[in-house]
Amino acid sequence: MVRFLVVPQWQGSPAPRAMLLVDGASAIAGDLPRAATTVLDVPVEAGESLGTGVRRLSALLRTREEIASHITNDTIVIGGDCSVTVAALEALPGGTDDMAVVWCDAHADMHTPDTSPSGAFSGMALRALLGDGEGQLALSPGIARERIVTVGMRTLDDAEVEQIAPFANLSVSDLDEPDSLVAAVRATGASRVWVHIDVDVLDPADFSGVSSPAPFGLSPSALSAAIRRLREHVPLAGATIAGFAPRSPVDAVDDLGALLRLVGAVA
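Counting from 19, one number per residue, gives the positions in the sequence shown under the numbering used here.
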């Protein structure tokens, strides 16, 4: 049975109005089946870096503990900022040895505390899945680079370009053929997959409620079709939908159709 875990964490985001992510998570939660949904009580306060290069680390660690006590297989995690995926996979029953990760995001999220211009953990999240970066947050053991498939990345910092080279990187146009995602995941040799979706992977013309929109993104229909096709061939261990930051109730309503399409694709 699919369960939804709503994690309205904002502390990992670099956005000036990061707390809009709380509103976004709440908006999605309102359209999920109540009996199958758990909403975590995420700290409201910013937290402290605790002498590290990660802003708000203390709050991130508290939320990580909460996620660990609720995560199960077949969980759909609703963020919040996209670093909630790291905590979910750290606590996933059965570990990640047999798993690939599909990372759908306009940004690479491949910084470490030493390279990050903001100190925001969401910009380090994919790097943390590899086991790199701040030791209190990085996955241990990390996921091998050959089991990472990225989708729709198009806004990278210079320090990230070389870092993503070992991944299977699918462009927006690659998903014109839905089977391209199936082929990329099968090539990893994994027996199951976690799908991470930061909604800024979508084109701003189709989806406006993000902190850092990037033009020329995916359409909700193309991404949903590729994920549905993937699920026909590879078991889904779980998924994340994160990064929804509506600026107004009107924006939330306008984006709801795309969000529900993505929820339906992973659930």
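We put the CB at the ideal spot given by N, CA and C, even for glycine. Bear in mind the structure is a predicted one, so any value in this text is a computation, not a measurement.
Among the options, the one whose alpha carbon lies nearest that of residue i
{"i": "HIS88", "options": "SER76, GLU108 and ALA77", "result": "GLU108"}
{"i": "ALA232", "options": "ASP150, ASP123 and TRP28", "result": "ASP123"}
{"i": "VAL213", "options": "ARG265, ASN91, SER226 and THR173", "result": "ASN91"}
{"i": "ALA54", "options": "THR81, GLY42, ASP41 and THR93", "result": "THR93"}
{"i": "ALA146", "options": "TRP121, THR173 and PHE22", "result": "TRP121"}
{"i": "GLY160", "options": "SER198, ASP197, ALA186 and VAL119", "result": "VAL119"}
{"i": "GLY113", "options": "THR173, SER158, ALA201 and PRO61", "result": "SER158"}
{"i": "ALA86", "options": "ALA105, GLY149 and ILE96", "result": "ALA105"}
{"i": "GLU250", "options": "VAL211, THR258 and ALA260", "result": "VAL211"}
{"i": "SER44", "options": "LEU277, ALA283, VAL284 and GLY207", "result": "LEU277"}
{"i": "ALA270", "options": "ILE46, GLN29, VAL24 and PRO34", "result": "ILE46"}
{"i": "GLY65", "options": "PRO51, GLN27 and LEU39", "result": "GLN27"}
{"i": "VAL62", "options": "GLY30, THR56, ASP150 and VAL20", "result": "GLY30"}
{"i": "GLY98", "options": "MET117, LEU38 and MET142", "result": "LEU38"}
{"i": "GLU195", "options": "ILE245, GLU178 and ALA138", "result": "ILE245"}
{"i": "GLY261", "options": "GLY137, GLY141, THR81 and ASP192", "result": "GLY141"}
{"i": "MET117", "options": "ILE96, LEU174, VAL281 and SER209", "result": "SER209"}
{"i": "ARG163", "options": "GLY151, MET171 and ALA186", "result": "ALA186"}
{"i": "GLY282", "options": "PHE225, GLY227 and PRO51", "result": "PRO51"}
Cβ neighbour criterion (16 or more within 10 Å) applied to residue i
{"i": "SER242", "result": "buried"}
{"i": "GLY326", "result": "This structure cannot speak to residue 326, because the chain is shown only from 19 to 285."}
{"i": "PRO253", "result": "exposed"}
{"i": "SER239", "result": "exposed"}
{"i": "SER198", "result": "buried"}
{"i": "ASP176", "result": "exposed"}
{"i": "ASP302", "result": "What the structure shows of the chain is the stretch from 19 to 285, and residue 302 is not part of that stretch, so it cannot be assessed."}
{"i": "LEU68", "result": "exposed"}
{"i": "MET19", "result": "exposed"}
{"i": "VAL268", "result": "exposed"}
{"i": "PRO264", "result": "buried"}
Cβ-Cβ separation, residue j to residue i (assumed contact under 8 Å), whole Å
{"i": "CYS100", "j": "ASP216", "result": "4 Å"}
{"i": "VAL169", "j": "GLY235", "result": "That pair is no contact at about 10 Å."}
{"i": "ALA126", "j": "ILE182", "result": "5 Å"}
{"i": "VAL203", "j": "LEU248", "result": "6 Å"}
{"i": "VAL25", "j": "LEU58", "result": "5 Å"}
{"i": "GLY207", "j": "LEU110", "result": "Contact flag wrong, Cβ pair sits at about 19 Å."}
Opposing strand residues paired with residue i [DSSP bridges]
{"i": "VAL271", "result": "Per DSSP, none; premise fails for VAL271."}
{"i": "LEU220", "result": "LEU236"}
{"i": "PHE139", "result": "The partner list for PHE139 (beta bridge, DSSP) is empty, contrary to what the question assumes."}
{"i": "CYS100", "result": "Partner(s): none; CYS100 has no beta bridge."}
ask   = Is the segment 131–141 touching the segment 63–82, taking contact as three or more C-beta pairs under 8 Å?
value = Yes, since at least three Cβ pairs between the segment 131–141 and the segment 63–82 fall closer than 8 Å, the two stretches touch.
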